[in-house]
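In our numbering, the protein residues as written are 5 to 283. Even glycine gets a Cβ: it sits at the ideal position worked out from N, Cα and C. Encoded as C-alpha cells, the structure appears first; notes follow it.
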C-alpha cells in the first residue's frame with residue numbers, strides 16, 4: 005500500500021515539477037551554446053540571428069537570467085509542494101479521505117516523506133546536470149587534448165587517492181547531506197503538525213514558522229554542544245591531516261545525531277497525527 009501512496013504523491017507533484025525540470029535543461033542547453041560561441045568568437049554567432057537585439061550579449065544575458073530564475077523556481081516550488089502536499093493531503097480537505105484508507109499513520113507520513121525527498125533529489129540532480137551542460141562544452145573545447153600528459157594526470161590521481169583517501173570523506177559528506185535533508189523535511193512536518201493543535205487555531209501558519217526555526221535552533225545547539233564535548237574544532241587545526249581527520253569525525257557525529265533527530269521528529273509527528281489531529 006505504501007507503494008500506491010507514493011505513486012499517487014509523485015503523480016500529483018509531477019504535473020508541476022516535470023515541465024519545470026525539462027524547461028531548465030532546455031534553457032541550460034541554450035546557455036551552453038551561447039557561452040561556447042561567446043568564448044570562441046569576439047561578437048558571438050547570435051549577432052546576426054538576434055536581429056531585434058543591439059548586441060548578442062543582450063540575448064546571452066537574458067538566457068542566463070532565465071536560467072537563474074528557473075533554478076530559483078525549482079528550489080521554491082519544490083519546497084512549496086513538499087509543504088503543500090503534506091498540508092493539503094493530511095490536514096486539509098483531503099485529510100478526511102486519506103485517513104479513511106486502510107493504511108497506517110506511519111505509511112501515510114512515509115509516503116509524504118519519500119515523495120518529498122525524491123523531488124528534492126531530482127531537483128538537485130537537474131540543477132547539477134544543468135551546470136554540467138552549461139560549463140562542460142566550453143571547458144572541453146578549450147583543452148588541447150593532444151598536449152595533455154595523461155601519464156602525469158593518472159599519477160596525480162593515484163597520489164591523491166593514496167595520500168588523502170577521499171572516498172571516506174565523500175561518503176561521510178554525502179550521508180551527512182542526505183540525513184540533514186531528511187531531517188529538514190521532517191522538521192517542517194513536525195512544525196506544521198504541532199501548529200494544528202487547538203491551542204493555535206488562530207495563528208497556525210505563524211506558529212508553524214516560529215516552531216520550525218525554534219526547533220531547528222534547538223537541535224543545532226545540541227549538536228554544537230556535542231562537538232564541544234568531544235573537543236572538535238576545525239578552526240584551530242594545525243595541519244591539513246588534523247583538519248580532515250576532525251572533519252570526518254564531525255561528519256559521522258552529525259550523521260548519528262541527525263538520524264536520532266529524524267527518528268524523534270518522525271515519531272512525534274505520527275503521535276500527533278494519532279492523538280491531536282482534529283479534522
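How many Å lie between residue i and residue j at the Cα?
{"i": "residue 113", "j": "residue 141", "result": "43 Å"}
{"i": "residue 275", "j": "residue 109", "result": "9 Å"}
{"i": "residue 5", "j": "residue 101", "result": "15 Å"}
{"i": "residue 228", "j": "residue 248", "result": "18 Å"}
{"i": "residue 66", "j": "residue 221", "result": "39 Å"}
{"i": "residue 49", "j": "residue 36", "result": "At residue 49, the pLDDT of 43 sits below 50, so the modelled position is not reliable and the matter cannot be decided from this model."}
{"i": "residue 63", "j": "residue 23", "result": "23 Å"}
{"i": "residue 198", "j": "residue 19", "result": "30 Å"}
{"i": "residue 12", "j": "residue 257", "result": "36 Å"}
{"i": "residue 57", "j": "residue 71", "result": "Unreliable placement is indicated for residue 57, whose pLDDT of 43 sits below 50; no coordinate value is reported for it."}
{"i": "residue 77", "j": "residue 128", "result": "12 Å"}
{"i": "residue 105", "j": "residue 7", "result": "14 Å"}
{"i": "residue 207", "j": "residue 216", "result": "14 Å"}
{"i": "residue 250", "j": "residue 25", "result": "38 Å"}
{"i": "residue 214", "j": "residue 192", "result": "11 Å"}
{"i": "residue 210", "j": "residue 171", "result": "43 Å"}
{"i": "residue 39", "j": "residue 126", "result": "25 Å"}
{"i": "residue 235", "j": "residue 185", "result": "26 Å"}
{"i": "residue 34", "j": "residue 139", "result": "12 Å"}
{"i": "residue 107", "j": "residue 41", "result": "56 Å"}
Tell whether a beta-carbon distance below 7 Å holds between residue i and residue j.
{"i": "residue 266", "j": "residue 190", "result": "yes"}
{"i": "residue 194", "j": "residue 273", "result": "yes"}
{"i": "residue 177", "j": "residue 124", "result": "no"}
{"i": "residue 183", "j": "residue 95", "result": "no"}
{"i": "residue 233", "j": "residue 115", "result": "no"}
{"i": "residue 32", "j": "residue 121", "result": "no"}
{"i": "residue 91", "j": "residue 173", "result": "no"}
{"i": "residue 279", "j": "residue 201", "result": "no"}
{"i": "residue 119", "j": "residue 277", "result": "no"}
Helix, strand or coil for residue i, going by three-state DSSP, please let me know.
{"i": "residue 103", "result": "coil"}
{"i": "residue 47", "result": "Confidence in residue 47 is poor, its pLDDT being 43 and thus under 50, which makes the residue's placement unreliable; the coordinate value appears in the next sentence. In the structure shown, residue 47 sits in coil (DSSP, three-state: anything other than H, G, I, E or B)."}
{"i": "residue 206", "result": "coil"}
{"i": "residue 11", "result": "helix"}
{"i": "residue 108", "result": "coil"}
{"i": "residue 201", "result": "coil"}
{"i": "residue 96", "result": "coil"}
{"i": "residue 235", "result": "coil"}
{"i": "residue 55", "result": "Its pLDDT being 45, under 50, residue 55 is placed unreliably by the model, and nothing is read from it."}
{"i": "residue 255", "result": "helix"}
{"i": "residue 5", "result": "coil"}
{"i": "residue 116", "result": "helix"}
{"i": "residue 280", "result": "coil"}
{"i": "residue 32", "result": "helix"}
My guess is that residue i and residue j are in contact by the Cβ rule of under 8 Å, so how many angstroms apart are they, rounded?
{"i": "residue 180", "j": "residue 255", "result": "5 Å"}
{"i": "residue 212", "j": "residue 269", "result": "So it is not a contact: roughly 14 Å between Cβ atoms."}
{"i": "residue 134", "j": "residue 69", "result": "Wrong, their Cβ atoms sit about 14 Å apart, outside the cutoff."}
{"i": "residue 85", "j": "residue 21", "result": "7 Å"}
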